[in-house]
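A.B. asks: Supplied in C-alpha cells, the structure appears directly below.
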Amino acid sequence: MFEDDSIVSTPKRYVLTEVTNSSSYVSPTANLKLLTNVALHYPTPPPSTAHRKEKSLQILCDKFLDLYPLLGNGTMELQLDCTAARLGVEKRRMYDIINILEAMQCAVHKKKNTYLWHGASRLNSFLKMLKKQGENLRLSEVLRGRAPKPPAPKHKTLGVLAQRFLMLFLVEPPNRLINLEMAVSVLIDTNSKSKSTLSPEQLDRQHKSKVRRLYDIANVLISIGLIEKVYGNSILKKPVFRYIGKMKKTEKPDMMTPSPNTPVSVYQGPQQITPCHVFAGRSKRKLEFTSVANSEKLGVTTPPHTPSHKWDEILLVADMELTRINNGVTV
DNA sequence: GGTTCCCGCCAAGGT
DNA sequence: ACCTTGGCGGGAACC
C-alpha cells in the first residue's frame with residue numbers, strides 16, 4: 001500500500017506485554033492507549049509521498065489514457081473502481097476524468113461503475129457537432145457581448161462546461177488564445193436572475209468556483225491533446241489556452257480533428273453527426289445539454305461593455321489584452 | 001500575494 | 001436505507 005523503501009520485510013510481531021512491560025490485566029481504554037503506543041513503534045508513512053504536481057488531473061488523465069488509449073482497438077469495458085485502484089487514486093477523482101471524457105464521447109456510461117470506452121473513435125464527428133453547436137449558440141458573438149450567454153446547466157456541469165469550453169475554440173479563428181476568465185464569463189450565465197439575488201461576494205465565489213472547474217477541464221483536455229497551455233505573457237499573468245486538436249498520443253498522422261480554420265464540411269468522419277443532447281440516458285443528471293431552442297428562449301443579458309461587476313471589468317481588460325495578443329499571434 | 005487545483009464533504013439521485 | 005455520482009469550496013502547493 002505504502003511506497004516506503006524503509007520497509008523491506010514484514011515487521012516483527014510484538015506481544016503486548018513486551019511493549020508495556022506489564023503482565024497484568026488492562027482495561028479496554030488502557031488497551032486502546034496501549035495499541036496506540038504499539039502503533040507508534042512502527043514507522044508511519046507520510047500522508048502522501050507524491051507531490052501536488054505528480055497528482056495533477058493532467059498526469060492522472062495521462063495515466064488513465066495509458067490504460068485506455070484514445071486510439072485503441074474497438075470498444076472496451078471500463079470498471080471505475082478497478083481503474084481507480086490501478087491508478088492508486090480515490091474513485092472521486094475518476095469521476096472528474098470520466099465525466100469530461102464522457103462529455104467528449106470517449107466513453108459512455110453503461111451501468112453502475114461501468115463505462116464503455118470508445119477512445120477517440122467518435123471524437124472527429126463529435127467535434128464537428130460541437131462546432132455546429134457553438135455556432136448555433138452564437139458563442140463568437142457571446143464572446144463579444146453581442147449575444148446572450150447560454151443558460152447555466154443544472155446537471156453534469158463539468159461535462160457541459162467542458163463541451164462549451166471546447167466550443168469556444170472551435171468557433172473562434174485559429175490560434176485564438178482564450179483564458180479562463182473569459183471562458184467562464186461567456187459560458188456561464190450569471191447575469192439574469194442570480195445577479196439580482198446574489199451578493200457581490202456570492203457572485204465572486206460562484207465565479208471562482210467555475211474557474212476552478214475550468215482548470216480541471218483544461219487539464220483533461222490538455223491530456224487528450226485537444227488544447228495546450230500558453231505561457232509567456234507578462235501582462236496577463238494567468239495562462240491562456242490554445243486549440244491544437246491533435247491527439248498527442250497518436251501514431252496515425254491522418255487522425256485529424258476539426259480546427260477552427262477549417263470548414264466543418266471538410267471533415268468526413270466515419271460516424272454520423274451525433275444528436276444534440278450529448279448526455280443521453282434516463283438519468284436526470286444526464287439530460288442536461290443546451291439545445292439551440294433553449295438558448296434562444298433566453299432573454300438578452302447584460303449589454304456589452306457595461307461592467308456592472310468586478311469580473312466584467314476584469315474580463316474587459318483581459319479581453320482587450322487577449323485581442324492584442326491574438327492579433328499578434330494570428331497570421 | 002495571487003494563481004492553480006487537490007481533496008474530500010455531503011447532497012442529489014439511483015437502486 | 002444504502003450506495004453511487006458529482007457539485008462545490010476550503011485551503012495548501014506553487015509560482
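Be aware that the first sequence starts at 1, since it is given in full-length UniProt numbering, and climbs by one per residue. For each residue, glycine too, the CB sits at the ideal point set by N, CA and C.
#1: If we count Cβ pairs, one from each stretch, closer than 8 Å, do we get three or more for the region 127-141 versus the region 69-79?
#2: Does DSSP put N73 in a helix, a strand or coil?
#3: Along the chain, where does the beta strand (DSSP E) containing H109 start, and where does it finish?
#4: Tell me whether the beta-carbon of L70 lies closer than 8 Å to the beta-carbon of K131.
#5: Extract the residue ranges of the beta strand (DSSP E) inside the region 98-156, only unbroken runs of 3 or more that lie entirely within it.
#6: Counting pairs of beta carbons, one from the region 174-190 and one from the region 52-59, are three or more of them closer than 8 Å?
#7: Excluding sequence positions up to five away, which residues of its chain have a Cβ less than 8 Å from the Cβ of M167?
#8: Where does V160 sit, in a helix, a strand or coil, going by DSSP?
#9: DSSP has K229 in a bridge; who is on the other side?
#10: Excluding the 5 residues flanking K238 on each side, which residues of the same chain have their C-beta closer than 6 Å to its C-beta?
#11: Which one of A162, K128, Y115 has the shortest CA to CA distance from A152?
#12: Which residues does DSSP pair with Q79 in a beta bridge?
#13: Let me confirm a value: C61 is counted as buried when at least 16 other C-beta atoms fall within 10 Å, else exposed. Which label applies?
#14: Can you have a look at S199 and say buried or exposed, based on whether 16 or more other CB atoms are within 10 angstroms of its CB?
#15: Could you tell me the distance, in whole angstroms, from the CA atom of V142 to the CA atom of R86?
#16: Using the Cα positions of L63 and M104, report the straight-line distance between them to the nearest angstrom.
#17: Per DSSP, N179 forms a beta bridge with which residues?
#18: Tell me the rounded alpha-carbon separation between K156 and R213.
#19: What are the boundary residues of the alpha helix (DSSP H) that includes E172?
#20: Tell me whether H207 sits in a helix, a strand or coil according to DSSP, three-state version.
#21: To the nearest whole angstrom, what separates the beta carbons of E102 and G159, a pair I think is in contact under 8 Å?
#22: Could you have a look at S185 and say whether DSSP puts it in helix, strand or coil?
#23: If you draw a straight line from the alpha carbon of Y231 to that of R176, how long is it in whole angstroms?
#24: Helix, strand or coil for S223 per DSSP?
#25: What residues in its chain sit with their C-beta under 6 Å from that of N99, if we drop five residues either side in the sequence?
#26: Exposed or buried, S121, counting other C-beta atoms within 10 Å across all chains shown (16 or more means buried)?
#27: Exposed or buried, which one is C106 when buried takes at least 16 other CB atoms within 10 Å?
#28: I need the DSSP call for Y68, collapsed to helix, strand or coil.
#29: Could you check the C-alpha separation between R205 and A50 for me, to the nearest Å?
C.D. replies: According to the structure shown:
#1: The answer is no - the region 69-79 does not touch the region 127-141, with fewer than three Cβ pairs under 8 Å.
#2: Counted from its first residue, the first sequence places residue 73 at position 73. In the structure shown, N73 sits in coil (DSSP, three-state: anything other than H, G, I, E or B).
#3: Within the first sequence, residue 109 is the residue found at index 109, counting from 1. Start and end: 107-111.
#4: Mapped onto the first sequence, residue 70 falls at position 70. Mapped onto the first sequence, residue 131 falls at position 131. For L70 and K131, no; Cβs fall outside 8 Å.
#5: If we require 3 residues or more, the beta strand (DSSP E) runs fully inside the region 98-156 come out as 107-111, 114-117.
#6: Because the criterion of three Cβ pairs below 8 Å is not met, the region 174-190 and the region 52-59 do not touch.
#7: Position 167 of the first sequence, counted from the first residue, corresponds to residue 167. So the list reads L130, K131, Q133, G134, L137, L139, once near-sequence residues are dropped.
#8: The residue labelled residue 160 in the question sits at position 160 within the first sequence. Three-state result, V160: helix.
#9: Here the question's residue 229 lines up with position 229 in the first sequence. Answer by DSSP bridge pairing, in chain order: F241.
#10: Residue mapping note: residue 238 aligns to position 238 of the first sequence, counting from 1. Beyond the five residues adjoining it in sequence on each side, K238 comes within less than 6 Å, by CB distance, of N179 in the same chain, given in chain order.
#11: Taking the first residue of the first sequence as 1, we reach residue 152 at position 152. The shortest C-alpha separation from A152 is found at A162.
#12: Sequence index remark: in the first sequence, residue 79 carries index 79 (1-based). Per DSSP, T114.
#13: Position 61 of the first sequence holds residue 61. Looking at its Cβ environment, which holds 16 or more other Cβ atoms inside 10 Å, C61 is buried.
#14: Here residue 199 refers to the residue found at position 199 of the first sequence. Exposed: under 16 other Cβ atoms inside 10 Å.
#15: The residue you call residue 142 lines up with position 142 of the first sequence. The residue you call residue 86 lines up with position 86 of the first sequence. CA-CA distance, V142 to R86, rounds to 42 Å.
#16: Here residue 63 refers to the residue found at position 63 when the first sequence is read from its first residue. Here residue 104 refers to the residue found at position 104 when the first sequence is read from its first residue. Correcting the residue type first, residue 63 is Lys in the shown sequence and not Leu. A straight line joining the alpha-carbon of K63 with that of M104 spans about 18 Å.
#17: As a working note, residue 179 is residue 179 in the first sequence. In DSSP, N179 forms a bridge with V240.
#18: To locate residue 156, count along the first sequence from 1; it is residue 156. To locate residue 213, count along the first sequence from 1; it is residue 213. The straight-line gap separating the alpha-carbon atoms of K156 and R213 is approximately 12 Å.
#19: Taking the first sequence and counting its residues from 1, one reaches residue 172 at position 172. For E172, no alpha helix (DSSP H) encloses it, and the DSSP letter there is neither H nor E.
#20: Locating residue 207 in the first sequence gives position 207, counting from the first residue. Looking at H207 - three-state DSSP - the assignment turns out to be helix.
#21: Sequence index remark: in the first sequence, residue 102 carries index 102 (1-based). Sequence index remark: in the first sequence, residue 159 carries index 159 (1-based). Yes, they are in contact, since the Cβ atoms of E102 and G159 sit about 6 Å apart, within 8 Å.
#22: If you number the first sequence from 1, residue 185 lands on position 185. Of the three classes helix, strand and coil, the one that applies to S185 here is helix, per DSSP.
#23: Translated into positions along the first sequence, residue 231 becomes position 231. Translated into positions along the first sequence, residue 176 becomes position 176. Approximately 14 Å between the Cα atoms of the pair.
#24: By 1-based counting over the first sequence, the position of residue 223 is 223. Reduced to three states, the DSSP call for S223 is helix.
#25: The residue given as residue 99 occupies position 99 in the first sequence. Contacts found: L158, G159.
#26: Counting from one through the first sequence, the residue named residue 121 turns up at place 121. Label assigned to S121: buried.
#27: Numbered from 1 along the first sequence, position 106 holds the residue referred to as residue 106. C106 is buried by the Cβ-count criterion.
#28: Within the first sequence, the letter at position 68 stands for residue 68. Coil at Y68, not helix or strand.
#29: Translated into the one-based positions of the first sequence, residue 205 becomes position 205. Translated into the one-based positions of the first sequence, residue 50 becomes position 50. For R205 and A50, the distance between alpha carbons rounds to 29 Å.
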